[in-house]
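Following: one structure in structure tokens, then a few remarks.
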Amino acid sequence: MTAPIASGRFPLLGHLPQLAVKRVEFLQSVRSQGDIVRIFLGTRPVFVLNAPEAVHDVLLTQSRKFAKGLLFDVARPFIGNGIITSERDFHRRQRRALQPAFHRDSIAAFVGTMTDIAEEQVAAWRPGEVIAMDLVMRRMMTVMLVATLFSTERPDGAAAVAELGEQVAEHLTTVMRGVFVGTVLPAPIASSPALGHRKYLAAAAALGELADTAVRQARLDPTDRGDLLSIMFAGTPGNPQGMTDAEARDELLSLLMAGAETTSTTLSWALHELGRRPELTRRIRAECDALPEGALPGAATLPFTDRFLREVLRLHQPNWLLMRRALEPVRVCGVELPQGAELVYSAVTMHRDPAYYPDPLRFDPDRWLGRTEKDLPPGAYVPFALGNRKCIGDHFAMTEMLVVLRSIVSRWQPRPVEGHRVRPVVQALIRPDALPMRVSPWPADRTGPVSPECTTP
Ligand code: HEM
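Residue numbering for the sequence shown follows my numbering, starting at 59 and increasing by one per position.
Have a look at this one:
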């Protein structure tokens, strides 16, 4: 069986007009046209995986038959051959080497630094102040990533880490936009100066320079600081020498690319939802306030907040477009895919399918009450993907986001600014165009129990 072609294809342009105007809506609209359908980026065919079984099959069951595909070919010249872009044995070796940084114990050791960074930012807000939450989250999460993974104890101190984080955040946004443009548009158009190609290259070069400096500085001091660079330099059974400087640099870039804007965008959406639903803020605050001193934030200790984030990742999944490429002819859901076929899957459209999520556009953390991913068809909830390329930072990200939410809601009620309508911008990720929010302190007389669930007897 071959995959049907999605309706509305234009000669030469294929489905680019629809993708230019309403990207997510277009992908949503092709879901009813088959388990796998073909769309065209100009004249280039791309197979869209609609059925959860197809996503599960490609990401997990038959994962060895797929490479990461076009999106990552475009990213490689910008960010090198790190964990998100590399393939096969080299990828396996690098992933194994990085894994210790993402073990639960390592993440637990980062919670103190994460909390300090969040608290410092949040404590500086003033009652009634309007905060550009999207920009503040972007800065905060980049600084957190830089501080926890790359420079836990830099000799030049926290201010230098914060400054590095800020520089990284700025270049990163530009590079991600360049990768997105290069993926959806044919190369001659994507590389035109009118689309800012030089700016993307300059930002990538600046980012590379920052990573080179971080690696050089870390090499000068061979003590094990317990951060990611120390882990990269340490030998492993598969690679007793540890990583070279060039490999370590590429891994830094991969982790920055994968780990900063994903969490900051998800947190922005989380705050947007809290702004619209003050009762959820009160429930999260009650739960966080009851967290015993020293207890680690997690699904077991903050179950409602965890459910809330799970729902944010369902409805506002930042990665709306991910890709794979068939390395050999392969059959998925009865559809024959030729060698070299480019595939797309979108967690956003999957997570909004009414077949798996009744009333899918309603934001409701309690839809996860007593329900786990295992109660859904495999492949239907994939915020962190599946298989050998599953997000290595899933637990790290959830911990960071719980820490930040706790810091914000324990002091502030974030409210939308009157007259401002938040609109999604769909580029490399789906992010709010701007998220100004007014922060008000909680009234002195605490509101008491707000739901039976967070009542402490
Ligand atoms: C809410 C936050 C996050 C989301 C939604 C997310 C989502 C994802 C997804 C969907 C993938 C798979 C991409 C694919 O299939 O091509 C992925 C991969 C990856 N993520 Fe995350 N991620 C998040 C945060 C993080 C963080 C904080 C880090 C690191 C500190 C990280 C590091 C990575 C890496 C290294 C990969 C590539 C893994 C590999 O190919 O072996 N992510 N992430």
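The beta carbon of each residue, even a glycine, is placed where N, CA and C say it ideally should be.
In this structure, the CA atom of Ala133 is about 48 Å from the CA atom of Pro501.
In this structure the region 427-440 lies against the region 404-419, because at least three pairs of beta carbons, one per stretch, are closer than 8 Å. Around the Cβ of Met59, a 10 Å sphere holds fewer than 16 other Cβ atoms; the residue is exposed. Look at Phe105 here: in three-state DSSP terms it is strand.
In this structure Ser250 is exposed. Its beta-carbon is surrounded by fewer than 16 other beta-carbon atoms within 10 angstroms. Its chain contains Ile450, Gly451, His453, Phe454 as the residues whose beta carbon lies nearer than 8 Å to that of Phe160, once the 5 sequence neighbours on both sides are disregarded; these appear in chain order. In this structure, Gly296 places its C-beta atom within 7 Å of the C-beta atom of Arg151.
Between the region 133-142 and the region 418-430 there are fewer than three inter-stretch CB-CB distances shorter than 8 Å, so the stretches are not counted as touching.
Taking C-beta atoms under 8 Å as the contact rule, Leu463 and Glu319 fail to qualify, at a distance of about 18 Å. Take the alpha-carbon of Ala292 and the one of Glu305: they are about 13 Å apart. Distances from the CB of Ile450 to the heavy atoms of the ligand HEM include at least one below 6 Å. Between Arg372 and Glu400, the gap from beta carbon to beta carbon reaches 7 Å or more.
In the structure shown, Ser498 falls within a strand segment according to DSSP collapsed to helix, strand and coil. For Met381, the enclosing beta strand (DSSP E) covers residues 380-384. CA-to-CA, the gap between Pro472 and Leu360 works out to about 20 Å.
Residue Leu354 holds the alpha-carbon nearest to the alpha-carbon of Val461 among Asp433, Val194, Leu354.
Cα atoms of Val237 and Leu129: separation of roughly 7 Å, rounded to the nearest angstrom. About 6 Å separates the CB atoms of Val480 and His330; that is less than 8 Å, so the two are in contact.
When DSSP assignments are scanned along the region 427-506, the uninterrupted stretches of beta strand (DSSP E) that are 3 or more residues long and fall wholly within it turn out to be 470-474, 482-484, 488-490, 494-499. Glu400 has Val104, Arg383 as its beta-bridge partners, per DSSP.
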